[in-house]
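Undergrad:
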Amino acid sequence: MKSASDLQDEIARLQHELASLKAMGAASREDELPVVEMLMRDTQRRHVAEAELADAHAWMELAQEVGGVAAYRMDIIENRLWWSQSVFALYGFDPAAGEPTIDLWLSAIHPEDRVKVEHMARMAIETGAPIDHQFRIIRPSDGTHRWVHDRGRVECDTSGKPLRLHGVNIDMTAMRQVQEALAASEEQYRGTFEHANVGVAHVSVDGRFLRANDYLCKLLGRSESELQAVTFQDITHPDDLGSDLDLLLQLMDGKIPSYTLEKRYVRPDGTLVWSDLSVALIRNDEGLPLHFVSVITDIQQRKEAQDLVKLVLDEANHRVKNLLSVVGAIVKSSARSAGSVKQFEEAVSLRLKGIAASHDLLMGKSVDGGDLAQLIRRQLEIFTDCAIERVIMDGPPLQLCPRAVHAFGMVLHELATNACKYGALANERGEVHIDWSISAERGALHFVWREVGGPEIKMAGPQGFGSKALARMLAGSLGGKVTHQLLPAGCVFEADLPLGNLLDRS
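Mapping of the sequence shown onto the numbering used here: residues 257 to 762, in sequence order.
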């Protein structure tokens, strides 16, 4: 099919030929018949060309309507506009209202965009500069707003003077709506990503961090750029890496849609942080892996609480066994010293009540006696009976917080039990010296339990379960540094504990 321009050129050529033929007919009457035949033939050719031109115009209008493209032309010299039917449809103008004008066109431009549009049109008309910009219109037919992309070029004469402006208006409303929705969605995702109360990261298929939010950076002790310089493999605890990689391969192979895993990350200072990791894989339209989305939740406190519960349960089990042993010793001791059954019953009952009170204190049911000296006396009175005079204490008043009472109570219970069974209080001559002091400069409490005069300890050195629990309990609960030695001369227990973790602020 010929183009509209070609058909217009052909019609112009035929019109020129018709004019020439008329001139020829006027000059020679003898050749009238051949001239008429030529006129008929060329007139037929003209009708065919006009039909093809109309067909081309129809196709062009259809293409413009379907594609949301509206064509226009402006005669700059005569200041006249020509619009395709698609322009009227796009702008909401009535084609029957008359010939389009510049003022009519400007009346549809959104007020906020009108100055910019007028400037662009003026520059094109005056200088021949091409047009390429977007603006809003308000359709007079229904009052709706639409976005228009205007592209045009100026046709100039041989001297460079602008003659005509040819252009198209493209309806960009749907695309702008999609772009705005996409931008809003991206902004919402960015807000969720950046301000989430969990760690969020995009990780490449080879394990490199592509993007990380502030929460994750703080959790892992690294800036985003520092995370981007390492892989997740680099900062995963070696004992957890195998499980992580196995699940990752299953995810890559499509065997699982996602996975969760409790794992430890290693911070730059070497400390570990327990995290709950959830991982999903993002694929492209062809199903090929693009990157992972990882959500990391800090579960360090939960893990510490679980460890503490396990420690307390293990310790409680150990305590029960110790208590049974102590009860047996109480029964034997009371039987030897009691002069009658009634005295025996009273002695055993009193001592068992003391053990029960100690147990309540250990389990946190009682926080009376928060003063360190009172706490020591309450614990030792249970085990030493009349030997309390062989316990020498020296230290300033110190009111402990409930957590410190609990931790210290368990430690003192263990030390007193061992002293009664194997140490300085297992004979008639031994003594227990308990000293503590406060260093304001270091902000710490120095506590010493030292046994002297007891039976010689032949198996000095290795520690049993209870001894190991002492160090774990104080170091874990109160952040202290603990040493516990079983020397031949007796037990020596020392602890340096930060005052901030000990004091009752009430």
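Ideal Cβ placement from N, Cα and C applies to all residues, glycine included.
Source: prediction; values computed, not measured.
1. Could you work out which residue in F488, K577 and D470 is closest to E480 when comparing CA atoms only?
2. Buried or exposed: where does V661 fall if 16 or more other Cβ atoms within 10 Å of its Cβ makes it buried?
3. At which residues does the alpha helix (DSSP H) containing D369 begin and terminate?
4. Where G710 and A672 are concerned, what is the direct C-alpha to C-alpha distance, given to the nearest angstrom?
5. Given a cut-off of 9 Å on the beta-carbon distance, is the pair P418 and I332 in contact?
6. Any idea if R392 is buried or exposed, counting beta-carbon neighbours within 10 angstroms, 16 or more meaning buried?
7. Quick one: using the 10 Å Cβ neighbour count with 16 as the cut-off for buried, is R402 buried or exposed?
8. Closest to L654 by CA distance: which of L501, D427 and F664 is it?
9. Compute the distance between the beta-carbons of F749 and R698, then report whether it is under 9 Å.
10. Are the CB atoms of F349 and H458 within a distance shorter than 9 Å?
11. For a quick check, are the C-beta atoms of L362 and V373 less than 9 Å apart?
12. In chain order, which alpha helix (DSSP H) runs of at least 4 residues are fully inside the segment 658-707?
13. Could you pull out every residue in the same chain whose Cβ sits closer than 6 Å to the Cβ of P356, ignoring the five residues on either side in sequence?
14. Once you ignore the five residues that flank E684 on each side, which residues in its own chain have a CB closer than 8 Å to its CB?
15. Sort V325, A536, H669 and R659 by Cα distance to L254 and report the nearest one.
16. Give the DSSP bridge partners of W530, in chain order.
17. Using DSSP bridges, identify the partner residues of G710.
18. Can you grab the Cα-Cα spacing for the pair D287 / R420, in whole Å?
19. From which residue to which residue does the alpha helix (DSSP H) around M330 run?
20. If you follow the alpha helix (DSSP H) that G498 is part of, which residue opens it and which one closes it?
21. Which residue's Cα is closest to the Cα of T400: E334, T553, V738 and I365?
22. Could you tell me which residues DSSP pairs with C747 in its beta bridges?
23. Answer yes or no: do D554 and L497 have a C-beta to C-beta separation smaller than 9 Å?
24. Near A380, which residues of its chain fall below 8 Å by C-beta distance, leaving aside the five closest residues on each side in sequence?
25. Determine the closest residue to S550 out of A561, D532 and Q562, with distance taken between C-alpha atoms.
26. Would I491 pass as a contact of Y515 if the rule is Cβ separation under 9 Å?
27. Can you tell me which of V738, P494, L743 and A700 puts its alpha carbon nearest to the alpha carbon of G756?
28. Taking P652 as the reference, give the member of A327, F449 and I694 with the closest Cα.
29. Would D369 count as contacting chain D if we go by Cβ distances under 9 Å?
30. Which of the three DSSP states, helix, strand or coil, is assigned to L753?
31. Quick one: give me the first and last residue of the beta strand (DSSP E) that I393 is part of.
32. Mapping the DSSP letters down to three states, classify Q435 as helix, strand or coil.
33. So if DSSP puts M649 in a beta bridge, which residue, or which two residues, is it bridged to?
34. Helix, strand or coil: which one does DSSP assign to G423?
35. From this set, D495, A430, H389 and G384, which residue's C-alpha is nearest C412's C-alpha?
36. Quick check: what's the CA-CA separation for D502 versus V529?
TA: In short, the structure shows the following:
1. D470
2. buried
3. P367 to T383
4. 13 Å
5. yes
6. buried
7. buried
8. F664
9. no
10. no
11. yes
12. 658-677
13. L337 and W339
14. none
15. Residue 254 cannot be examined here, being either before or after the span of the chain that is shown, 257 to 762.
16. R520
17. According to DSSP, which records beta bridges pairwise, G710 is partnered with nothing at all.
18. Note that D287 scores a pLDDT of 48, beneath 50, so its modelled location is shaky and nothing firm can be said.
19. Counting along the chain, M330 falls outside any alpha helix (DSSP H), though it belongs to the beta strand (DSSP E) covering V325 to D331.
20. P494 to M508
21. I365
22. L742
23. no
24. P386, I387, G408, V410, P418 and L421
25. D532
26. no
27. A700
28. I694
29. As a matter of chain content, chain D is missing from the structure shown, which is built from one protein chain.
30. strand
31. I387 to I394
32. helix
33. I690
34. strand
35. G384
36. 21 Å
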